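Reviewing the structure listed below.
There are 2 protein chains.
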Amino acid sequence: MELMVPLNTQDKSPLYEQIYRYIKKEIREGRITAGSRLPSTRILAQNLKVSRSTTQMAYDQLLAEGYAEAFPCRGYFVCKIDELVEVRQTAAAAPETRKREESACEVDFSPRGIDLDRFPFNIWRKISRNTLVDDNKAMFGAGDPQGEWNFRSAIGDYLHSARGVECSPEQILVGAGSEYLLLLLSQLLGRDRKIAMENPTYAQAYRVLTAQGHPVAPVEMDRRGMKVEKLEQSGAQAAYVMPSHQYPTGVVMPVKRRQELLGWAYGKPGRYLIEDDYDSEFRYRGKPVPALQGMDRGGRVIYLGTFSKSIAPAIRVGFMVLPQELLEVYRERAGFYSCTVSRIDQDILYQFITQGHYERHLNRMRAVYKGKHDALLAGLRPLERAFSITGEYAGLHVLLTHKGGMEEAKLVRRAQEAGVKVYGISGSFIHPEHNVYPSTVMLGYANLREEEIEKGCRLLGQAWLGRA
Amino acid sequence: MELMVPLNTQDKSPLYEQIYRYIKKEIREGRITAGSRLPSTRILAQNLKVSRSTTQMAYDQLLAEGYAEAFPCRGYFVCKIDELVEVRQTAAAAPETRKREESACEVDFSPRGIDLDRFPFNIWRKISRNTLVDDNKAMFGAGDPQGEWNFRSAIGDYLHSARGVECSPEQILVGAGSEYLLLLLSQLLGRDRKIAMENPTYAQAYRVLTAQGHPVAPVEMDRRGMKVEKLEQSGAQAAYVMPSHQYPTGVVMPVKRRQELLGWAYGKPGRYLIEDDYDSEFRYRGKPVPALQGMDRGGRVIYLGTFSKSIAPAIRVGFMVLPQELLEVYRERAGFYSCTVSRIDQDILYQFITQGHYERHLNRMRAVYKGKHDALLAGLRPLERAFSITGEYAGLHVLLTHKGGMEEAKLVRRAQEAGVKVYGISGSFIHPEHNVYPSTVMLGYANLREEEIEKGCRLLGQAWLGRA
Numbered sequence: 033m034e035l036m037v038p039l040n041t042q043d044k045s046p047l048y049e050q051i052y053r054y055i056k057k058e059i060r061e062g063r064i065t066a067g068s069r070l071p072s073t074r075i076l077a078q079n080l081k082v083s084r085s086t087t088q089m090a091y092d093q094l095l096a097e098g099y100a101e102a103f104p105c106r107g108y109f110v111c112k113i114d115e116l117v118e119v120r121q122t123a124a125a126a127p128e129t130r131k132r133e134e135s136a137c138e139v140d141f142s143p144r145g146i147d148l149d150r151f152p153f154n155i156w157r158k159i160s161r162n163t164l165v166d167d168n169k170a171m172f173g174a175g176d177p178q179g180e181w182n183f184r185s186a187i188g189d190y191l192h193s194a195r196g197v198e199c200s201p202e203q204i205l206v207g208a209g210s211e212y213l214l215l216l217l218s219q220l221l222g223r224d225r226k227i228a229m230e231n232p233t234y235a236q237a238y239r240v241l242t243a244q245g246h247p248v249a250p251v252e253m254d255r256r257g258m259k260v261e262k263l264e265q266s267g268a269q270a271a272y273v274m275p276s277h278q279y280p281t282g283v284v285m286p287v288k289r290r291q292e293l294l295g296w297a298y299g300k301p302g303r304y305l306i307e308d309d310y311d312s313e314f315r316y317r318g319k320p321v322p323a324l325q326g327m328d329r330g331g332r333v334i335y336l337g338t339f340s341k342s343i344a345p346a347i348r349v350g351f352m353v354l355p356q357e358l359l360e361v362y363r364e365r366a367g368f369y370s371c372t373v374s375r376i377d378q379d380i381l382y383q384f385i386t387q388g389h390y391e392r393h394l395n396r397m398r399a400v401y402k403g404k405h406d407a408l409l410a411g412l413r414p415l416e417r418a419f420s421i422t423g424e425y426a427g428l429h430v431l432l433t434h435k436g437g438m439e440e441a442k443l444v445r446r447a448q449e450a451g452v453k454v455y456g457i458s459g460s461f462i463h464p465e466h467n468v469y470p471s472t473v474m475l476g477y478a479n480l481r482e483e484e485i486e487k488g489c490r491l492l493g494q495a496w497l498g499r500a
Numbered sequence: 033m034e035l036m037v038p039l040n041t042q043d044k045s046p047l048y049e050q051i052y053r054y055i056k057k058e059i060r061e062g063r064i065t066a067g068s069r070l071p072s073t074r075i076l077a078q079n080l081k082v083s084r085s086t087t088q089m090a091y092d093q094l095l096a097e098g099y100a101e102a103f104p105c106r107g108y109f110v111c112k113i114d115e116l117v118e119v120r121q122t123a124a125a126a127p128e129t130r131k132r133e134e135s136a137c138e139v140d141f142s143p144r145g146i147d148l149d150r151f152p153f154n155i156w157r158k159i160s161r162n163t164l165v166d167d168n169k170a171m172f173g174a175g176d177p178q179g180e181w182n183f184r185s186a187i188g189d190y191l192h193s194a195r196g197v198e199c200s201p202e203q204i205l206v207g208a209g210s211e212y213l214l215l216l217l218s219q220l221l222g223r224d225r226k227i228a229m230e231n232p233t234y235a236q237a238y239r240v241l242t243a244q245g246h247p248v249a250p251v252e253m254d255r256r257g258m259k260v261e262k263l264e265q266s267g268a269q270a271a272y273v274m275p276s277h278q279y280p281t282g283v284v285m286p287v288k289r290r291q292e293l294l295g296w297a298y299g300k301p302g303r304y305l306i307e308d309d310y311d312s313e314f315r316y317r318g319k320p321v322p323a324l325q326g327m328d329r330g331g332r333v334i335y336l337g338t339f340s341k342s343i344a345p346a347i348r349v350g351f352m353v354l355p356q357e358l359l360e361v362y363r364e365r366a367g368f369y370s371c372t373v374s375r376i377d378q379d380i381l382y383q384f385i386t387q388g389h390y391e392r393h394l395n396r397m398r399a400v401y402k403g404k405h406d407a408l409l410a411g412l413r414p415l416e417r418a419f420s421i422t423g424e425y426a427g428l429h430v431l432l433t434h435k436g437g438m439e440e441a442k443l444v445r446r447a448q449e450a451g452v453k454v455y456g457i458s459g460s461f462i463h464p465e466h467n468v469y470p471s472t473v474m475l476g477y478a479n480l481r482e483e484e485i486e487k488g489c490r491l492l493g494q495a496w497l498g499r500a
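Just so you know, the sequences run in chain order C and V.
Mind the numbering: the first sequence is residues 33 to 500 in the numbering used here, read in order.
Mind the numbering: the second sequence is residues 33 to 500 in the numbering used here, read in order.
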């Protein structure tokens with residue numbers, strides 16, 4: 033179906049609204065019939081010469097109001113009129129359908145998902161209820177800029193016992209997610225400070241740091257992590273690393289390399305290591321490797337952690353442990369910023385941790401994810417003659433590298449044709465020409481059920497081996 | 033009592049912890065007896081040559097564990113041992129006691145407080161409970177970077193009807209408080225952009241903008257607001273203004289001045305007005321003045337709003353309305369940042385607004401604050417022969433200016449001696465030498481009961497008139 037939406041640039045209402053109103057009218061007046069497929073947001077955007085986000089927003093509105101529905105792998109369809117009432121009741125869930133279209137496939141090995149089926153809703157609800165009692169009105173007043181003291185104490189205790197982090201609550205800063213904490217850290221370090229990053233790295237952190245104006249030096253890795261001699265050559269005064277489970281390579285940095293990194297940091301005054309410990313909670317073989325921070329005797333490691341992976345992405349709570357020297361800089365330059373996390377949310381998390389639910393939840397999720405991890409490795413066994421697997425036994429994704437050198441784009445496309453979404457690694461490289469993994473894709477498994485993982489592996493075998 | 037705490041710099045534990053442990057031991061072993069007064073945090077810090085925050089933290093810990101108690105205007109006292117168990121149960125409220133010491137007085141006319149006694153805890157709890165149902169797991173996944181669409185729609189509808197703001201949800205950005213939104217805005221405007229601010233102004237906004245590197249031009253005000261010819265001379269490319277109720281002067285900008293400001297913004301390409309509409313909800317006489325944004329036909333006004341004043345400071349939710357041009361800059365430069373507000377909190381607020389609770393709450397609070405406002409004006413009547421009152425009939429504070437020219441510091445000190453805390457205006461001036469109100473103090477009333485307001489006024493009369 034081609035849609036010729038008359039757009040009026042004189043009209044005061046935004047373009048997406050004009051598109052939405054036009055399509056709605058066409059549906060209501062029967063010119064677009066129920067069950068017919070709407071053009072994709074991309075095609076419509078091309079035809080109307082507007083941005084894709086404009087058509088996406090028009091469609092979101094149609095979905096929200098129940099005029100259309102989105103089906104994975106198929107697209108947007110006009111609803112039957114007699115279904116409108118029913119569909120409208122589920123309108124609150126509509127924004128999700130946008131994601132459904134993007135990851136429109138039978139099995140989506142997204143490395144970003146987490147398993148929300150096991151989220152302890154009942155406990156969370158119970159704690160929330162207890163926090164919101166009438167006589168707890170202090171909870172609604174302004175709080176401590178660094179985060180509430182008791183919450184920071186609980187985080188400190190957890191970090192000490194689970195990650196070997198050595199700190200007092202005074203060194204901990206609570207903030208609305210690790211991106212915000214990086215923004216804050218950038219102010220403490222000074223925006224002209226050159227920061228080394230592993231290459232490939234976590235693209236979101238790279239975006240934040242460059243948006244803040246930092247010169248970023250991409251530094252090569254080997255299978256032990258960032259190469260320290262290259263770091264030395266880079267001229268950087270800080271290095272952002274993920275020693276526990278590097279994203280995306282999955283490399284776990286051995287103790288010797290950690291000591292070398294610390295050696296680099298001690299080598300010249302003012303050098304810092306930024307340790308992003310984003311998914312260190314999940315390790316399925318051997319003992320967990322303690323955080324780099326715990327090895328540091330010179331106050332050179334800044335530790336970043338988050339509850340996004342371990343509890344839920346919607347819980348916008350991260351924390352940062354500052355060494356003493358930076359703590360003083362923080363008090364001077366940034367101590368005036370209010371805490372970005374609501375005290376109510378801090379208290380819920382505080383109760384969740386100190387009542388033992390957090391540890392239980394982590395233990396449960398570790399078992400759940402290990403089951404999925406093992407199902408994935410088992411499902412991938414038939415592919416091992418053509419692919420090597422790396423980054424397993426920790427985190428929530430593994431890497432597959434085609435031994436015959438099939439290009440990433442081809443791997444992704446063939447998988448897509450078979451209804452499976454896998455993710456290239458090239459987007460994680462700071463400069464695409466530095467991509468040393470031309471035939472590698474990522475498979476995340478956190479958000480999939482074990483039977484989906486098995487099916488996905490089967491489909492990948494057909495897609496990649498059948499015609500390889 | 034003088035405390036000689038032996039501090040060991042070789043000791044791995046932080047100084048505050050050594051102080052806390054030492055005092056705790058002294059109390060436990062009876063060397064400091066129950067009922068005795070501990071030195072103030074300031075004196076102890078001086079004696080031990082540590083920072084005040086160190087002694088404060090040691091005391092907070094003692095309070096939290098129930099070894100000491102804080103009494104307003106008097107200080108810290110050692111608890112009786114047999115009271116320890118009971119006191120410990122209230123440990124969760126301990127961080128509050130720190131504030132109690134700072135504002136240690138019988139009546140505290142803080143301009144920052146709000147009335148939390150009327151917070152609709154039951155409704156809030158009920159909505160929270162409904163949000164946290166098991167089948168609502170999407171709520172815990174990653175959300176829209178700008179904030180959830182339905183929440184932004186609800187904000188847009190509210191802003192349109194209550195404040196005359198003209199925008200689509202697409203232009204709205206939700207963020208964890210107005211400070212965070214200013215950080216973000218600073219990235220969109222570019223950090224070298226010179227920003228004019230009313231002088232005096234909201235000190236926190238000044239701190240954020242200068243910390244981001246903006247050159248700030250303080251611009252003189254008259255009783256209609258920022259002087260536009262001075263703004264023109266300042267060479268600024270953006271102006272941060274509070275037209276609805278300027279902080280701290282309480283000036284409400286009349287329409288003519290608003291038009292002149294818009295005229296300035298239209299005068300050269302790339303100029304913007306940043307409208308901070310922080311407490312516009314509260315106006316006790318005449319019709320509410322619509323937002324400047326609603327008068328703008330050229331897309332030059334950036335609108336900032338928050339729920340901190342209208343609901344609760346702990347609800348870290350603010351919003352920003354971007355004109356079309358900046359929206360495109362946002363998508364290009366900052367669209368990758370995740371939203372800093374949890375989806376659960378967004379949904380609770382969404383329900384709160386769309387179920388009509390927000391409007392009802394505002395109406396109730398407007399009546400409550402009007403009562404307090406009127407009680408304050410009545411209580412201040414005996415002072416009117418010596419003081420002029422300004423900034424009344426809107427917001428949550430008024431200004432008192434001594435006609436005889438008594439200095440601010442003296443006014444504050446005399447009030448303090450009578451057990452009343454009032455706030456000088458000098459801290460709101462960008463350069464202290466620009467202070468054109470040498471004899472003015474602020475009186476906030478939101479957080480006081482009417483009888484406290486009356487008592488405070490009586491004490492102020494004694495303090496200021498008796499010996500004036």
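All C-beta atoms in this analysis are idealised placements derived from N, C-alpha and C, irrespective of residue type, glycine included.
Bear in mind the structure is a predicted one, so any value in this text is a computation, not a measurement.
Asked                                                                                                          : Found
Per-residue contacts from Y347(V) into chain C (C-beta, under 7 Å)                                             : Looking at the sequence provided, one finds Ile at residue 347(V) rather than Tyr. By Cβ distance, chain C contributes S374.
N-terminal and C-terminal residue of the beta strand (DSSP E) that F419(V) is part of                          : 419-422
Cβ neighbour criterion (16 or more within 10 Å) applied to E439(V)                                             : exposed
Residues that G6(V) contacts on chain C, provided the C-beta gap is smaller than 8 Å                           : Coverage of chain V is limited to positions 33 through 500, which leaves residue 6(V) absent and any answer about it impossible.
Contacting positions in the segment 44-63 of chain V - beta carbon closer than 9 Å to chain C                  : K44, S45, P46, Y48, E49
Three-state class that DSSP yields for V373(V) in the structure shown                                          : coil
Integer Cβ distance of S37(C) from I51(C), believed to fall under 8 Å                                          : Here residue 37(C) turns out to be Val, not Ser, going by the sequence shown. Between I51(C) and V37(C) the Cβ distance is about 5 Å, and since that is below 8 Å, they are a contact.
F103(C) - partner residues in DSSP beta bridges                                                                : G107(C)
Local conformation of M258(C) per DSSP, three classes                                                          : strand
Interface residues of the segment 189-208 of chain V facing chain C [CB-CB below 7 Å]                          : S200, E202, A208
Sub-8 Å separation of V353(V) and D377(V) beta-carbons                                                         : no
Which of helix, strand or coil DSSP assigns to V119(V)                                                         : Any reading at V119(V) is ruled out, since the residue's pLDDT is 30, under 50, leaving its predicted position unreliable.
Cβ pair count under 8 Å reaching 3, the segment 322-337 of chain V against the segment 192-205 of chain V      : yes
6 Å Cβ shell around Y469(C) - same chain, five flanking residues per side excluded                             : I457
Min CB distance L148(V) to chain C below 8 Å                                                                   : yes
Burial state of A346(C), where buried means 16 or more other Cβ atoms lie within 10 Å                          : buried
Cross-chain neighbours of L215(V) in chain C, by beta carbon under 7 Å                                         : L215
Chain V within 8 Å of R239(C), Cβ atoms only                                                                   : yes
Cβ contact (3+ pairs, closer than 8 Å) linking the segment 169-179 of chain V and the segment 64-75 of chain C : no
Same chain, Cβ closer than 7 Å to E484(C), neighbours up to 5 away in sequence not counted                     : V139
Below-8 Å beta-carbon distance, G493(V) vs any chain C residue                                                 : no
DSSP three-state assignment for R348(C), whether helix, strand or coil                                         : coil
Alpha carbon of G302(C) to alpha carbon of L358(C), nearest angstrom                                           : 10 Å
Contact with chain C by Q236(V), beta-carbon distance below 8 Å                                                : yes
Pair within 8 Å by beta-carbon distance, G437(C) and V430(C)                                                   : no
Burial state of V287(V), where buried means 16 or more other Cβ atoms lie within 10 Å                          : exposed
Range of the contiguous alpha helix (DSSP H) that encloses L409(C)                                             : 389-412
Closer than 7 Å at the beta carbon, the chain V residues around V219(C)                                        : Just to set this straight, residue 219(C) is Gln in the shown sequence, not Val. Residues of chain V passing the Cβ test: A243.
Proximity test, Cβ basis, 8 Å: F339(C) and chain V                                                             : no
Spatially closest choice to I159(C) from T386(C), G367(C), G493(C), by CA coordinates                          : T386(C)
Buried or exposed by the 16-neighbour rule on C-beta atoms within 10 Å, applied to R445(V)                     : exposed
Element boundaries [beta strand (DSSP E), containing T472(C)]                                                  : 472-476
Among M253(V), G295(V), E292(V), nearest to P280(V) - alpha-carbon criterion                                   : M253(V)
Neighbour list for G175(C) in chain V, Cβ cutoff strictly below 7 Å                                            : A346
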